[in-house]
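Heads up: the structure comes next, in structure tokens.
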Amino acid sequence: MAFDAFVLNAVALEIEEKLIKTGARLSRIYQLNPTDMLLYFKGEQEVHTLFLSIHALRGRINFTNRHYSHPNTPPPFCMLVRKHLGNGFLVSLEQPPLERVLYLTFAVINENGKKAEKTLAAEIMGRHSNLILLDSPGEKKERVILGVLKPVPPSINRVRTLLTNHTYFPPPPQEKLHPYALDYEHFCQEMVRLQGQPTARALLENLQGLSPFLAEEIAARAKTPFISGEAAFPLWQKLQEIINFYTEKKWEPTLLYDKKPHPLDYTIIKPLQPTAGYCRSFSSISGLLDEFYEYKEKEEEKQSLSFFLTRHVEQALKKIRKKENTQLSELEMAGKADYYRHCGELILMNLKQIPEKSHEFYLQNIFLEQGEMIKIILDPRISPSLNAQRYFRKYRKARQGEKKISENLKQTRNEITYLESVLFSLQKAELPALREIRDELEETGYLPAPQKPSDPKKTFSFNPLKFVSSEGEEIFVGRNNRQNEYLVQRFAGKTELWFHVKDMPGAHVIVRSDFPHENTIKEAALLAAYFSRGAHSSNVTVDYTTVKNVRRLSGGKPGMVTYSNYKTLYVTPDKESLDALLTRYPSAKGKKPE
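Residue numbers (this note's numbering): 26 to 619.
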């Protein structure tokens, strides 16, 4: 459900109860970013934080209990609001009927030391949302704009200019029928005109103040999927029923969930239409909005961060694989060391037979038992003896480079293994794990280090997945490379068992028991297979050993290890084997993994 006039009306009721009736004073004002502001109101017993956003998708007004970081330098609009509204008292609210506009009027002391009233206009209208600071009314009741959070010059909107020192005009009325000005006869005429159309869409496009959800709710309550002459009366009844919620302010804030369950939508009235999951009632619309938008913001951050990190890791993988191919070519060339030596020696043995300025010459290769003829490429610009020296130089370079190239190739392949493990971790990572992966990539140089100095008080948040085996023994699974490394290096005891799939990216798994049951070992192996690239394969190879046999790879990236004295299990992480184990995932550690 969009933040519509009904939701705004419910929020206005809360603002009136908490701020106007208690005489709370506006004590602090912050602008968090180009779209969001915080107003702190200090009452006799507590402080209320009012959040205002003109974000195109998440625009809203509500009280919040969330913690926000305040910027060190306030933007110009924030400074202006502090100047005109600071230490003022909210004295009145006005919402034009069924409009998404709320006027918050404050009693303040102006520059001349006299009492005055100034208004903050909050227009929550999607991409047209705005916050506008208005001066006291003039002689003709006109309002002059003191400042605008999102200025709108004539070049953008010729109909309605929103700039400092211009006269303020409310948003123009929509070209729709206003329910307050509509009688039953006129409504029936409209139903005849719209006959045959889907009810929800017809109501949404022709009646002011309705969100898509409310239009669908009216259609569901009237049991009328399509407009017809017979449906006019039940639709009129249900429309009036919904409008009465607005008029009488009988709000029932309800959060709707999908089947997972994740917050899906919200409404200000208890819905009668079918929903995907279940509904949860709230006593406060602000509490509902706070929870819903916190989830949405985290989901957006998760998707954005996951895309950003995946793209960078894939680019790094593409680059390092290209480097691997180059090193393989160099290694192949270095493998020709004996060939270069043979060519040089054959040229020296046959100097008198090779004509000057030859491009190539065939000689019998005496270094092979078969004595086959060998084609030797020559540089015609130099003599045969100098060509021999040229081959000896290639021989020495190849001999010296082969060992170095082999070492570099080994490091390159370790780096490929590391990046593949990061890419795998990104596929199932939630937001906290994604942030840890971002920090890890910054530390390892795959992402630019942040410009801000690191916080010395910032600590690593260790939050692995925790399971309980059928024998009651704890099993821990790392969510990313940093957690994998912490599990092995600091968390696990030396005699506890460590599990990992063989030769593919996957999580490190630890069993917190010195003498685990055989069933626990099998279940830990199942989890190691499930949280790996082999999750959808059969007979996945899982190695396990005690933690004392696991060593961090010298010079390797986080989570890169070598191990010895291991045993091997072959498991198939199918649904039947895993269901019982995954249901024993303790809720205290987070939601069930997907």
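Ideal Cβ placement from N, Cα and C applies to all residues, glycine included.
query, result
"Could you check how far apart the C-beta atoms of tyrosine 387 and isoleucine 379 are, in whole angstroms? I think they sit under 8 Å.", "Contact doesn't hold; Cβ gap of about 10 Å is too wide."
"Mind checking leucine 411: buried by the 16 CB within 10 Å criterion, or exposed?", "exposed"
"Suppose only complete runs of 4+ residues qualify. What are the alpha helix (DSSP H) ranges in the region 543-609, listed by chain order?", "543-555 and 600-607"
"Put alanine 132 into one of helix, strand or coil per three-state DSSP.", "strand"
"What residues match up with lysine 108 in a beta bridge as DSSP calls it?", "Note: lysine 108 sits in no beta bridge, so no partner."
"For methionine 398, which of helix, strand or coil comes out of DSSP?", "strand"
"Please return the same chain residues whose Cβ sits closer than 7 Å to the Cβ of valine 36, not counting the five positions on each side in sequence.", "Ile86, Asn87, Ile310 and Ser311"
"Compute the Euclidean distance between the alpha carbons of tyrosine 320 and threonine 224, then round it to the nearest angstrom.", "31 Å"
"Alpha carbon to alpha carbon, what distance is there between lysine 323 and threonine 89?", "16 Å"
"Thinking C-alpha only, which one of Met216, Ala532 and Asp568 is nearest phenylalanine 449?", "Ala532"
"Thinking just about the alpha-carbon of each residue, which of Phe392, Glu200, Leu159 and Ser383 is nearest to the one in asparagine 135?", "Leu159"
"Assign histidine 80 to one of three DSSP states: helix, strand, or coil.", "coil"
"Take proline 121 and list the residues in its own chain whose beta-carbon comes closer than 8 Å to its own, dropping the five residues that flank it on each side.", "Pro195"
"Looking only at DSSP bridge pairs, what is serine 306 linked to?", "Thr279"
"So, at 7 Å on beta carbons, what are the nonlocal neighbours of leucine 174 in its own chain, with the 5 sequence-adjacent residues on each side left out?", "Ile79, Phe102, Asn155 and Leu156"
"Between the C-alpha atoms of glutamine 414 and leucine 353, what's the straight-line distance to the nearest angstrom?", "26 Å"
"Do you know offhand how far arginine 246's Cα is from glutamate 210's?", "21 Å"
"Check each candidate in Ile181, Ala257, Phe238 and Gly234 and name the one with the smallest Cα separation from glutamate 215.", "Ala257"
"Using the Cβ count rule (16 or more neighbours within 10 Å means buried), how would you classify lysine 617?", "Caution is warranted here: a pLDDT of 43 is assigned to lysine 617, below 50, making its placement in the model unreliable, and no coordinate value can be reported."
"Taking all protein chains shown into account, do 16 or more other C-beta atoms lie within 10 angstroms of the C-beta of arginine 152, making it buried, or fewer, making it exposed?", "exposed"
"Indicate the three-state DSSP secondary structure (helix, strand or coil) for methionine 62 in the structure shown.", "strand"
"Indicate whether leucine 551 and proline 598 have their beta-carbon atoms separated by less than 7 Å.", "yes"
"Residue range of the alpha helix (DSSP H) that glycine 172 falls in?", "Premise fails: glycine 172 lies in the beta strand (DSSP E), 170-173, not in any alpha helix (DSSP H)."
"DSSP three-state label for serine 52, please.", "strand"
"Roughly how many angstroms separate the alpha carbons of leucine 522 and aspartate 528, rounded to a whole number?", "19 Å"
"Return the bridge partner residues of glycine 531 from the DSSP annotation.", "Ser557"
"Quick check for students: name the residue ranges of the beta strand (DSSP E) that lie wholly in the region 213-291, counting only runs of 3 or more.", "279-282"
"By Cβ distance, which residues of its chain are closer than 8 Å to serine 602, with the 5 residues on each side in sequence left out?", "Leu551 and Val596"
"Let me confirm a value: glutamate 619 is counted as buried when at least 16 other C-beta atoms fall within 10 Å, else exposed. Which label applies?", "Bear in mind that the predicted position of glutamate 619 carries a pLDDT of just 47, short of 50, making it too unreliable to give a figure here."
"What is the DSSP secondary structure of serine 612, counted as helix, strand or coil?", "Per-residue confidence for serine 612 stands at a pLDDT of 39, beneath the threshold of 50, marking its modelled position as unreliable; the derived number appears in the next sentence. Three-state result, serine 612: helix."
"Pull up the CB-CB distance for proline 288 and phenylalanine 317, whole angstroms please, since I reckon it's below 8 Å.", "5 Å"
"Please state if the CB of lysine 547 and the CB of tyrosine 569 are separated by a distance shorter than 7 Å.", "no"
"Could you tell me whether the Cβ atoms of alanine 553 and valine 572 are closer together than 7 Å?", "no"
"Excluding sequence positions up to five away, which residues of its chain have a Cβ less than 6 Å from the Cβ of arginine 47?", "What sits at residue 47 in the sequence shown is threonine, not arginine. Counting only Cβ-Cβ distances below 6 Å, and skipping sequence neighbours, we find Gly68."
"In three-state DSSP terms, what is alanine 514?", "It is worth fixing the name first, because residue 514 is glutamine in this sequence and not alanine. Here glutamine 514 sits in helix by DSSP."
"Do valine 534 and phenylalanine 524 have their C-beta atoms within less than 7 Å of each other?", "yes"
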